[in-house]
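A short worksheet on the structure shown next.
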Amino acid sequence: MDTLLSSEGDSQRTQYPYVTGTSIIGIKYKDGILMAADMGGSYGSTIRYKSVERLKQVGKHSLIGASGEISDFQEIQKYLDELILHDNMWDDGNSLGPKEVHNYLTRVMYNRRNKFDPLWNSLVIGGVKNGQKYLGSVSMIGVHFEDDHIATGFGNHLARPILREEWREDLSFEEGVKLLEKCMRNLLYRDRSAVNKLQIAKITEEGLTVSQPYSLKTFWNFAAFQNPTVGAEGSW
Amino acid sequence: MTKEHANWSPYDNNGGTCVAIAGADYCVIAADTRMSTGYSILTRDYSKISKLADKSFMASSGFQADVKALQKVLSSRHLIYQHQHNKQMSCPAMAQLLSNTLYYKRFFPYYAFNVLGGLDSEGKGCVFTYDAVGSYERVGYSAQGSGATLITPFLDNQLKSPSPLLLPAKDAVTPLSEAEAVDLVKTCFSSATERDIYTGDSVEIIILNANGVRRETEQLRKD
Chain A
442 MDTLLSSEGD SQRTQYPYVT GTSIIGIKYK DGILMAADMG GSYGSTIRYK
492 SVERLKQVGK HSLIGASGEI SDFQEIQKYL DELILHDNMW DDGNSLGPKE
542 VHNYLTRVMY NRRNKFDPLW NSLVIGGVKN GQKYLGSVSM IGVHFEDDHI
592 ATGFGNHLAR PILREEWRED LSFEEGVKLL EKCMRNLLYR DRSAVNKLQI
642 AKITEEGLTV SQPYSLKTFW NFAAFQNPTV GAEGSW
Chain B
11 MTKEHANWSP YDNNGGTCVA IAGADYCVIA ADTRMSTGYS ILTRDYSKIS
61 KLADKSFMAS SGFQADVKAL QKVLSSRHLI YQHQHNKQMS CPAMAQLLSN
111 TLYYKRFFPY YAFNVLGGLD SEGKGCVFTY DAVGSYERVG YSAQGSGATL
161 ITPFLDNQLK SPSPLLLPAK DAVTPLSEAE AVDLVKTCFS SATERDIYTG
211 DSVEIIILNA NGVRRETEQL RKD
C-alpha cells in the first residue's frame, strides 16, 4: 500500500498521446480561409487509421483543424458542440465567431495545462465573420497567436517557409489550393506519419465546404531520391 | 516504486526582449514582436505590450500563455478597482498588484519576465522591473527577456547610471529628451537582434507622456 510513492493518483493524467494526427496547414485567401489536413491517424509508427476527419465546422462562422491525440480532439468537439448549443439557445441573433471560439479553446487548453492534464492537441481555428477573416492557433500548453498562415507539427518546419515565400493577401481560391497542395506534397515526402489522402476545407462569409478526400500526384524520380547518398558517402 | 516523470513540460520559452526607460516627464516601453518556440519562429507580428491602465504599460517576455493569463488577471483586477474607486490605478499601485499576483503563484510560477512602465502621480516617468515570482524594484530603466543580457550593459553605459551604493540615493531617471530616449531604444533592439536569435522582426515602442500615448514601429532583421 505504497500510496505515498506510487502514482496511482496520476492514473488519470495524460502522459503520452496514443492515436495522433499530423500537421494542419491553414491560410487566409481573398474570400476567407483555406485549411488542409490529411486523413491519417497514427498509432506510434503504425498508420492505423486512414479516414480520420481532422477538419470540422464549429457553428456558423468557424472551422477547426486538429493535430495530436485524436481522442482529445473528439473531446474538444464535444466541448464545442455544447458551446455552440448554448450560444444558439440564447436565440438573440448573435453567434460566436472564430475569434471567440479561438479564445474559448485557448482558455480550455491553458486550464488543462494548469491541472497537469493537457489535451494533447495543436489546434488551428479559422473563419470569417462580418467580412473579417481570422486564422489562429492554440497548442497543448496554451500558447496561441494569429497570423496570415498557420501550420502545426512538421508543417511548422516544412510548410511555413514555403508560405512565407509565396503567400499573398489576394490569393484566389485556385491559387490558395495550389499553395496548400504544394505544402502537403512536401509533407508527404518528408513526414513519415503523413498519408496520401487529404481534405481541403474552405470557409467564407457564405459558409463552409469540406472537399471529398483525394490524393496528390507525387514524383519519386528526383535525383536526390534516386541517389540519396551522392552528397554524403557512407550515409543511407 | 519510482514516480513516473512527465514527458511534457508545462512551460515553454517563446522568447523576446522588453525594455523600458523612464524620463523626467515621459516613459518609453518597448518590446520586439517575434514569437518563437525552440528554433522555429511562430509569428513575426505578436505584441508583448499590454495597457494595464491609462498610465501603466507592461511589457512581458517568456512563456506566452502565462504572459497572456497574467495580462488578463491584471486587466480584470484593474476593472474591479475602477468600479470600486471610481478612478484609474496609479502606476506604483499597479506595480504592487503585479508583484502580489506573481507571488500568488510562487509554487507554480507565471514564467513571465516583466517590465512595467508609466507615469507616477507627479507625471515623472517610472519603470519597475520584476523577476518571475514578483520580486520588484523601481528603477530608471530596465531590460528583460532573451536579449536583456546584451542590452543592460549598453544602457548602463549610455545612461550613465549612478552607483546603487551612493548615499543619498541618486535617481536613475534619465535627463535625456524623449526623442533621444526613443532613438536609444531603437539602437538597443537593432544591436540585440544581431546576436540574439530570439529577438528580431520588428520592435513596438510605446511613448507615454503628459499629452497621451504614442506608438511607433521599427523593422528589425528577420533572420
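Which chain is which? The protein sequence lines are A and B, in order. Each residue of the first sequence is one higher than the one before, starting from 442 at the first, in my numbering. Each residue of the second sequence is one higher than the one before, starting from 11 at the first, in my numbering. Note that the Cβ used here is the ideal one computed from N, Cα and C, for glycine as well. The structure presented is a predicted model; accordingly, all values stated were derived computationally and were not measured.
- In this structure the stretch 45–63 of chain B does not touch the stretch 653–671 of chain A; the number of beta carbon pairs closer than 8 angstroms is below three.
- Contact check for Thr27(B) and Gly157(B): beta-carbon distance about 3 angstroms, within the 8 angstroms limit, so the pair qualifies.
- Distance between Met68(B) and Ser152(B), taken at the CA atoms: about 12 angstroms.
- Annotation: Glu587(A) to Ala478(A) spans about 19 angstroms, alpha carbon to alpha carbon.
- The closest CA to that of Ser634(A), considering only Thr461(A), Pro602(A), Glu674(A) and Val569(A), is found on Thr461(A).
- At a Cβ-Cβ threshold of 9 angstroms, Pro102(B) and Leu112(B) do not count as neighbours.
- Note that the C-beta distance between Leu537(A) and Ser578(A) is not below 9 angstroms.
- When Cβ pairs closer than 8 angstroms are counted between the two stretches, the stretch 186–193 of chain B is seen not to touch the stretch 13–20 of chain B, the count staying below three.
- A Cβ-Cβ distance of about 5 angstroms is found for the pair Ala63(B) and Met99(B), placing them in contact under the 8 angstroms criterion.
- Distance check between Lys643(A) and each of Ile488(A), Ser486(A), Ile505(A) and Gln456(A) places Ile505(A) closest, using alpha-carbon atoms only.
- Ser85(B) does not reach chain A, its nearest Cβ partner there being about 14 angstroms away, counting only Cβ pairs nearer than 7 angstroms.
- DSSP places Val223(B) in the strand class (E or B) of the three-state scheme.
- Shown here for Ala79(B): same chain residues with a beta carbon closer than 8 angstroms to its own, the five before and five after excluded, namely Tyr120 in chain order.
- Using a CB distance cut-off of 9 angstroms, Met581(A) counts as an interface residue toward chain B.
- Measuring C-alpha to C-alpha distances from Val195(B) to each of Ala30(B), Tyr91(B), Ser71(B) and Gly72(B) identifies Ala30(B) as the nearest.
- Of the other Cβ atoms in all chains shown, 16 or more fall within 10 Å of the Cβ of Gly127(B); this residue is therefore buried.
- The beta strand (DSSP E) runs lying completely inside the stretch 539–578 of chain A and spanning 3 residues or more are 562–570, given in chain order.
- Ile517(A) is a Cβ neighbour of Leu560(A), given a cutoff of 9 angstroms.
- Around the beta-carbon of Gln74(B), 16 or more other beta-carbon atoms lie within 10 Å, marking it buried.
- Interface residue (Cβ-Cβ distance to chain B less than 9 angstroms): Pro539(A) is not classified as such.
- Within its own chain, the residues whose Cβ lies closer than 6 angstroms to the Cβ of Arg626(A), once the five positions on either side in sequence are excluded, are Leu657, listed in chain order.
- Taking the beta carbon of Asn597(A) as reference, the chain B residues within 7 angstroms of it are Ser50, listed in sequence order.
- In this structure, Ala507(A) places its C-beta atom within 9 angstroms of the C-beta atom of Leu564(A).
- Counting C-beta pairs with one atom in each stretch, the stretch 143–150 of chain B and the stretch 170–189 of chain B have three or more that are closer than 8 angstroms, which means they touch.
- Separation of Asp558(A) and Ser71(B) (C-alpha to C-alpha, rounded to the nearest whole angstrom) is 25 angstroms.
- At a cut-off of 9 angstroms between beta-carbon atoms, Glu14(B) makes contact with chain A.
- Here Asn219(B) has Asp35, Tyr36 and Glu188 as same chain residues with Cβ atoms under 7 angstroms from its own Cβ, once five neighbours each way along the sequence are excluded.
- In the three-state DSSP reduction, Leu62(B) falls in the strand class (E or B).
- Counting along the chain, Leu129(B) sits inside the beta strand (DSSP E) bounded by residues Ala122 to Leu129.
- Using a 10 angstroms sphere on the CB of Ile90(B), the tally of other CB atoms stays under 16, which defines it as exposed.
- The beta carbons of Ile59(B) and Ala32(B) sit about 16 angstroms from each other, so the pair does not count as a contact at 8 angstroms.
- For Val183(B), DSSP assigns no beta-bridge partner whatsoever.
- Under the three-pair Cβ rule at 8 angstroms, the stretch 531–546 of chain A does not count as touching the stretch 487–494 of chain A.
- Met45(B): member of the beta strand (DSSP E) spanning Met45 to Thr47, first to last residue.
- If you ignore the 5 residues before and after Gly509(A), its C-beta comes within less than 7 angstroms of the C-beta of Pro458, Thr461, Gly462, Trp561, Asn562, Ser563 and Met581, all in its own chain and listed in chain order.
- Between Tyr551(A) and Gly583(A) a beta carbon distance of about 3 angstroms is seen, short of the 8 angstroms cut, so the two are scored as contacting.
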